[in-house]
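Residue numbers (this note's numbering): 10 to 196.
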């Protein structure tokens, strides 16, 4: 395991929670977000294809639940660099023993937590503070034709968002609601 991450737990098969390690002194700190030579077991994919940064201005905003379909399914490593979020991953893997189970972690600039979200999981979050920032490291580049999502307010998922929802995009509101015909995502 990398000396820059401490494994905290694996709440669902393949979903890992880590604490980031910073090197610091009186001047401040250095945090290596990714190192291709040292992250093989942390990020078990051949390359980093994309790194994204989001800023969510208003507390209570929900973004998600997003994923990409094969062959562009992606692994994400998510860090909160400012503020805090209630970060959620939902297992959509076809045939998984934890199919449609979700897990959430508070990721913040104060607790140094990160989540590695495997292929076949949907991901989203609710900002717990104004101006919360996330950095995502992706194993695949964004592909519009592979983009998909499930409704963050879907009663089948029953995600227990901690704050009243202040804002959610029309796109996220219009993600499909699950039904008995949804068999999951093949990965």
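C-beta: ideal position from N, C-alpha, C; glycine also.
Report task. Determine the extent of the alpha helix (DSSP H) in which residue 90 is found, giving its start and end residues. Result -> For this step, residue 90 is matched to residue 81 along the chain shown. That residue, residue 90, is in no alpha helix (DSSP H); its beta strand (DSSP E) goes 85-91.
Query raised in the report: Count the other CB atoms within 10 Å of the CB of residue 180; is the residue buried (16 or more) or exposed (fewer)?
Result: Indexing the chain shown from 1 puts residue 180 at position 171. Using a 10 angstroms sphere on the CB of residue 180, the tally of other CB atoms stays under 16, which defines it as exposed.
Query raised in the report: What's the call for residue 98, buried or exposed, on a 16-neighbour Cβ count within 10 Å?
Result: On the chain shown, residue 98 is found 89 positions in, with the first residue counted as 1. With 16 or more Cβ atoms within 10 Å of its Cβ, residue 98 is classed as buried.
Query raised in the report: Using the beta-carbon count (16 or more within 10 Å), is residue 40 buried or exposed?
Result: Within the chain shown, residue 40 is the residue found at index 31, counting from 1. Its Cβ having fewer than 16 others within 10 Å, residue 40 is exposed.
**Report entry** Test: residue 86 CB closer than 7 Å to a CB of chain B
**Finding:** The structure shown contains no chain B; it holds only a single protein chain.
**Report entry** Completely contained beta strand (DSSP E) runs for the region 129-182, where each covers 3 or more residues
**Finding:** List check, beta strand (DSSP E) in window: 130-136, 141-147 and 156-158.
Query raised in the report: Taking C-beta to C-beta, are residue 25 and residue 73 nearer than 7 Å?
Result: As a first step, residue 25 is located in the chain shown; it is residue number 16 there, counting from the start. As a first step, residue 73 is located in the chain shown; it is residue number 64 there, counting from the start. No; because the gap between Cβ atoms is not below 7 Å, this pair is not in contact.
Query raised in the report: Are the region 68-85 and the region 130-147 in contact at 8 Å, needing three or more beta carbon pairs?
Result: Segments in contact, yes.
Requested in this report: Reducing DSSP to helix, strand and coil, say where residue 103 ends up.
Outcome: Position 94 of the chain shown, counting from 1, holds the residue named residue 103. It is coil, neither helix nor strand.
Query raised in the report: Are the region 111-123 and the region 150-161 touching, with three or more C-beta to C-beta distances below 8 Å?
Result: Counting Cβ pairs under 8 Å, fewer than three are found: no touch.
Requested in this report: Would you give the residue range spanned by the beta strand (DSSP E) that residue 75 belongs to?
Outcome: Numbered from 1 along the chain shown, position 66 holds the residue referred to as residue 75. Run containing residue 75: 70-77, per the beta strand (DSSP E) assignment.
Report task. Leaving out five residues on either side along the sequence, give the residues of the same chain with a beta carbon under 6 Å from the beta carbon of residue 34. Result -> Here residue 34 is taken as the residue at index 25 of the chain shown, counted from 1. So no residue of the chain qualifies.
Query raised in the report: Buried or exposed: residue 113, going by 16 or more other Cβ atoms within 10 Å of its Cβ?
Result: Taking the chain shown and counting its residues from 1, the one referred to as residue 113 is at position 104. Classification of residue 113: buried, given that the 10 Å Cβ count is 16 or more.
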